[in-house]
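Trainee: Residues are numbered in the numbering used here as their position in the sequence shown, beginning at 1, plus a constant of 1490.
The beta-carbon is built from N, C-alpha and C at its ideal position, and this holds for glycine as well.
These figures come from a predicted structure and were not determined experimentally.
Structure in structure tokens, see below.
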Amino acid sequence: MSDIQAQISLLKQTADPAVADAIGELVEKGEDHELNRINLLDFAARTGLDEERVISGFLHASQLGLFDLTWNVLCPGCGGVLDAHSTLKSLRHDDYHCGLCACGYEASVDEQVEVAFTVSPRVRRIAAHDPNTLPVWEYYKQVFWSSGLDFDNESVATLADEVTLDTLELPAGEKAVLSLQVPKEFIIVFEPVTHSAQFIDVQGEPTRERQPLSLVYKKTPSPTGATVTLRPGPLRLSLENQAGVRVLPSVFIAGDAMHHLIGKRKPFVTAKRMLTNQTFRDVFKADNLNIDQRLKITSLTFLFTDLKGSTALYERVGDLAAFDLVRAHFHALLEIISSEKGAVVKTIGDAVMATFIRPEHAIVAGLRMRAAMDALNVERGRDDLVVKIGIHEGPCLAVMLNERQDYFGQTVNIAARVQSLSTSQEIHITGPVIEAPAVAAILDKEAITPIQKQAALRGIADKIVVYEIP
1491 MSDIQAQISL
1501 LKQTADPAVA
1511 DAIGELVEKG
1521 EDHELNRINL
1531 LDFAARTGLD
1541 EERVISGFLH
1551 ASQLGLFDLT
1561 WNVLCPGCGG
1571 VLDAHSTLKS
1581 LRHDDYHCGL
1591 CACGYEASVD
1601 EQVEVAFTVS
1611 PRVRRIAAHD
1621 PNTLPVWEYY
1631 KQVFWSSGLD
1641 FDNESVATLA
1651 DEVTLDTLEL
1661 PAGEKAVLSL
1671 QVPKEFIIVF
1681 EPVTHSAQFI
1691 DVQGEPTRER
1701 QPLSLVYKKT
1711 PSPTGATVTL
1721 RPGPLRLSLE
1731 NQAGVRVLPS
1741 VFIAGDAMHH
1751 LIGKRKPFVT
1761 AKRMLTNQTF
1771 RDVFKADNLN
1781 IDQRLKITSL
1791 TFLFTDLKGS
1801 TALYERVGDL
1811 AAFDLVRAHF
1821 HALLEIISSE
1831 KGAVVKTIGD
1841 AVMATFIRPE
1851 HAIVAGLRMR
1861 AAMDALNVER
1871 GRDDLVVKIG
1881 IHEGPCLAVM
1891 LNERQDYFGQ
1901 TVNIAARVQS
1911 LSTSQEIHIT
1921 GPVIEAPAVA
1931 AILDKEAITP
1941 IQKQAALRGI
1951 ADKIVVYEIP
């Protein structure tokens, strides 16, 4: 048995066996580029496997050393990788700058941080482990652009033939000259290794005179210079590489064809989705945040539960029976949360705090929780097991509290208070939750008519509109 097969056998002890087999097939037979920055949602679609099981499988495989997990900060404009981190702890608070788009961005973990997996060089060596050896377009595909760019062979051909005037591989310490004819277009001389860019606005009457322009690449990317204005005609572009590594200056026409290419996007696993994944929270506790980190999340759905009258329940049925009952209730809730793409943040007494990527996952989980409690009551021949549920969606901060990755902000406070409005089996949700189109469709399918009401929440200044799900 090979080392890879032995590791896949180990993987099957914690991951879905079908996912483990698919991972083994990929590692042994996949092409090099298929093993670099693997887009797990692509992988799930291609293999016909469940997305959550695939994410869980790759997390367990990373723990075994099969893959290296990276957190890549993306430019929302062009989809380029602005920085790659081996741990979320090194994600910076300050802005990330994209040379190609000439814009700065504060990293939001919602859509701007991609979680990708690359086969470990200890398991199998691939070309991307030595990025300085990759041909120019493979460098763009595998290193500069993220797995969220829908970049196939046809796209590369279009980039090379229609968008690019010229490109050059310039070794460290060397100089070169490109002689070009520049059309009446907006031109970008972009270098993806140092993320350096020079913008050229070509306008006016054509000229036959050779127009000179010199660029020097250094170890740290220079601030993007002011746009140079040239006339259509010959350009003598002098390039010098002082960066200490090979550079790949490329002369692009920044027109419709280029914008169309970089505008083609596909889903990928975001940092938000990973933080809201139960396997990640269980397996990678040490790779969460530093104590002083505050990561902005623009939208996350929170679900709070609490067991109604648990003190009275203990008195009524006795400590031992109540303990078993509470444990059965927790088991049911945690299983539902995980199966609906959620994660448990913490349990406090008989209460649960959970997060979901989208409101529809939380509402389905809430309805399933209610049904699970009904089933437990029927099984016992009583109706005293009642879970109060509240759901709210909004912005928050991901933080570390008490050595655990947690969340902070008014959204969290409101979600907790909304749960306290429930007195029996009804669920309370807020406006942002019910306004999600998928939530409305779920309630309509279940023939549930929400009851709108105003509620005063403790610690919240103004009354808010809530909806009771009877």
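(1) Output the distance between the C-alpha atoms of F1758 and L1765, rounded to the nearest integer angstrom.
(2) Please list the terminal residues of the continuous alpha helix (DSSP H) segment that includes H1749.
(3) Can you round the beta-carbon distance between P1849 and A1926 to whole angstroms, since I take them to be within the 8 Å contact cut?
(4) Please go through the segment 1832 to 1913 and give each complete alpha helix (DSSP H) segment of 4 or more residues, from N-terminal end onward.
(5) Under 7 Å between the Cβ atoms of Q1909 and K1878?
(6) Considering Cα atoms alone, identify which of G1589, G1884, I1787, V1653 is closest to E1601.
(7) Can you tell which of F1680, L1911, G1832, K1831 has its C-alpha closest to the C-alpha of L1797?
(8) Please state the DSSP three-state secondary structure of E1730.
(9) Using a Cβ-Cβ cutoff of less than 6 Å, which residues in the same chain neighbour C1568 once the five nearest sequence positions on both sides are dropped?
(10) Please go through the segment 1610 to 1639 and give each complete alpha helix (DSSP H) segment of 4 or more residues, from N-terminal end onward.
(11) Determine the direct distance from the alpha carbon of K1762 to that of Q1944, and round the result to whole angstroms.
(12) So for E1596, helix, strand or coil by DSSP?
(13) For G1514, does the count of other Cβ atoms within 10 angstroms reach 16, so buried, or fall short, so exposed?
(14) Which residue spans inside the segment 1499 to 1561 form an unbroken beta strand (DSSP E) run of at least 3?
(15) I believe D1656 touches V1718 by the beta-carbon criterion, under 8 Å. Please report the beta-carbon distance rounded to the nearest angstrom.
(16) Quick one, which of E1675, W1635, A1951 has its alpha-carbon nearest P1682's?
(17) Using CA atoms only, rank isn't needed, just tell me which of P1673, F1820, H1685, E1883 is closest to V1963.
(18) What's the C-alpha gap between E1675 and L1703?
(19) Is the number of C-beta pairs between the segment 1686 to 1705 and the segment 1635 to 1654 that are closer than 8 Å three or more?
(20) Return the residue from the list L1556, H1523, D1522 that minimises the CA-CA distance to L1500.
(21) Under the assumption that A1744 contacts I1678 (Cβ atoms under 8 Å), give the Cβ distance between them as a whole number of angstroms.
(22) Which stretch, first to last residue, makes up the alpha helix (DSSP H) that contains L1765?
(23) Taking the C-alpha atoms as reference points, what is the distance between I1919 and I1826?
(24) Rounded to the nearest angstrom, how far is the Cβ of R1614 from that of L1525, given a contact under 8 Å?
(25) From this set, I1917, H1550, F1548, V1599, which residue's C-alpha is nearest W1561's C-alpha?
(26) From A1733 to F1689, what distance separates their C-alpha atoms?
(27) Count the other C-beta atoms from every protein chain shown that fall within 10 angstroms of the C-beta of N1780, then say buried if there are 16 or more, exposed otherwise.
(28) Tell me whether the beta-carbon of K1831 lies closer than 7 Å to the beta-carbon of E1542.
(29) If you follow the beta strand (DSSP E) that A1662 is in, where does it begin and where does it stop?
(30) Among the residues of its own chain, which have a CB less than 8 Å from the CB of T1837, if the five just before and after it don't count?
(31) Name the two residues that bound the continuous beta strand (DSSP E) containing F1689.
(32) Between R1817, V1653, L1790, which lies nearest to Q1900 when the distance is taken from Cα to Cα?
(33) Please report the Cβ distance between L1815 and M1859, rounded to the nearest whole angstrom; I am assuming they are in contact, meaning their Cβ atoms lie under 8 Å.
(34) Find the nearest neighbour of P1507 within the set V1653, L1530, F1548, judged by alpha-carbon distance.
(35) Would you please state the rounded distance, in angstroms, between the beta carbons of V1626 and I1616? I believe it to be under 8 Å.
Mentor: A quick look at the data gives this:
(1) Stepping through the sequence shown from its first residue, residue 1758 is reached at position 268. Stepping through the sequence shown from its first residue, residue 1765 is reached at position 275. Cα to Cα, the separation comes out at about 14 Å.
(2) In the sequence shown, residue 1749 corresponds to position 259, counting from 1. Unbroken alpha helix (DSSP H) run through H1749: 1746 to 1753.
(3) By 1-based counting over the sequence shown, the position of residue 1849 is 359. By 1-based counting over the sequence shown, the position of residue 1926 is 436. Contact flag correct, Cβ pair sits at about 4 Å.
(4) 1849 to 1870, 1900 to 1909
(5) The residue you call residue 1909 lines up with position 419 of the sequence shown. The residue you call residue 1878 lines up with position 388 of the sequence shown. It is a contact, given that the beta carbons lie within the stated cut-off.
(6) For this step, residue 1601 is matched to residue 111 along the sequence shown. The option with the nearest alpha carbon to E1601 is I1787.
(7) Position 307 of the sequence shown holds residue 1797. Comparing C-alpha distances from L1797 to each of F1680, L1911, G1832, K1831 shows the shortest one belongs to L1911.
(8) Mapped onto the sequence shown, residue 1730 falls at position 240. Three-state DSSP puts E1730 in a strand.
(9) On the sequence shown, position 78 is the one that residue 1568 refers to. Hits under 6 Å: L1590, C1591, I1752.
(10) 1626 to 1629
(11) Position 454 of the sequence shown, counted from the first residue, corresponds to residue 1944. Position 272 of the sequence shown, counted from the first residue, corresponds to residue 1762. Cα to Cα, the separation comes out at about 31 Å.
(12) Along the sequence shown, one-based indexing puts residue 1596 at 106. Of the three classes helix, strand and coil, the one that applies to E1596 here is strand, per DSSP.
(13) If you number the sequence shown from 1, residue 1514 lands on position 24. Taking all protein chains in view, the Cβ of G1514 is crowded by 16 or more other Cβ atoms within 10 Å, so the residue is classified as buried.
(14) none
(15) Locating residue 1656 in the sequence shown gives position 166, where the first residue counts as 1. Locating residue 1718 in the sequence shown gives position 228, where the first residue counts as 1. With 8 Å as the limit, D1656 and V1718 do not qualify as a contact, their Cβ atoms being about 17 Å apart.
(16) Here residue 1682 corresponds to residue number 192 of the sequence shown, with the count starting at 1. Of the listed residues, the one whose Cα sits closest to P1682 is W1635.
(17) Since the first residue of the chain shown is 1491 and the last is 1960, residue 1963 is not available in this structure.
(18) Reading the sequence shown from its first residue, position 185 is the one you call residue 1675. Reading the sequence shown from its first residue, position 213 is the one you call residue 1703. Distance between the alpha carbons of E1675 and L1703 is about 17 Å.
(19) no
(20) Indexing the sequence shown from 1 puts residue 1500 at position 10. For L1500, the nearest C-alpha among the options comes from L1556.
(21) Looking up residue 1744 in the sequence shown gives position 254. Looking up residue 1678 in the sequence shown gives position 188. Between I1678 and A1744 the Cβ distance is about 5 Å, and since that is below 8 Å, they are a contact.
(22) Taking the first residue of the sequence shown as position 1, residue 1765 is located at position 275. That run of the alpha helix (DSSP H) goes 1761 to 1765.
(23) Taking the sequence shown and counting its residues from 1, the one referred to as residue 1919 is at position 429. Taking the sequence shown and counting its residues from 1, the one referred to as residue 1826 is at position 336. Distance between the alpha carbons of I1919 and I1826: 18 Å.
(24) Indexing the sequence shown from 1 puts residue 1614 at position 124. Indexing the sequence shown from 1 puts residue 1525 at position 35. With 8 Å as the limit, R1614 and L1525 qualify as a contact, their Cβ atoms being about 7 Å apart.
(25) Translated into the one-based positions of the sequence shown, residue 1561 becomes position 71. Comparing Cα positions, the closest option is V1599.
(26) Looking up residue 1733 in the sequence shown gives position 243. Looking up residue 1689 in the sequence shown gives position 199. About 20 Å.
(27) Taking the first residue of the sequence shown as 1, we reach residue 1780 at position 290. The residue in question, N1780, is exposed, as its Cβ has fewer than 16 Cβ neighbours within 10 Å.
(28) The sequence position of residue 1831 within the sequence shown is 341, counting from 1. The sequence position of residue 1542 within the sequence shown is 52, counting from 1. A contact, by the Cβ cut-off of 7 Å.
(29) As a working mapping, residue 1662 is identified with position 172 in the sequence shown. It is not in any beta strand (DSSP E) - A1662 carries neither H nor E in the DSSP assignment.
(30) Stepping through the sequence shown from its first residue, residue 1837 is reached at position 347. Only F1820, M1843 meet the Cβ criterion.
(31) Locating residue 1689 in the sequence shown gives position 199, counting from the first residue. That run of the beta strand (DSSP E) goes 1686 to 1692.
(32) The residue given as residue 1900 occupies position 410 in the sequence shown. Looking at the Cα atoms, L1790 is the closest of the given residues.
(33) Start at 1 with the first residue of the sequence shown, and residue 1815 comes out as number 325. Start at 1 with the first residue of the sequence shown, and residue 1859 comes out as number 369. 15 Å between Cβ atoms; not a contact.
(34) Counting from one through the sequence shown, the residue named residue 1507 turns up at place 17. That would be F1548, whose Cα lies nearest to the Cα of P1507.
(35) Here residue 1626 refers to the residue found at position 136 of the sequence shown. Here residue 1616 refers to the residue found at position 126 of the sequence shown. About 18 Å; that fails the 8 Å criterion.
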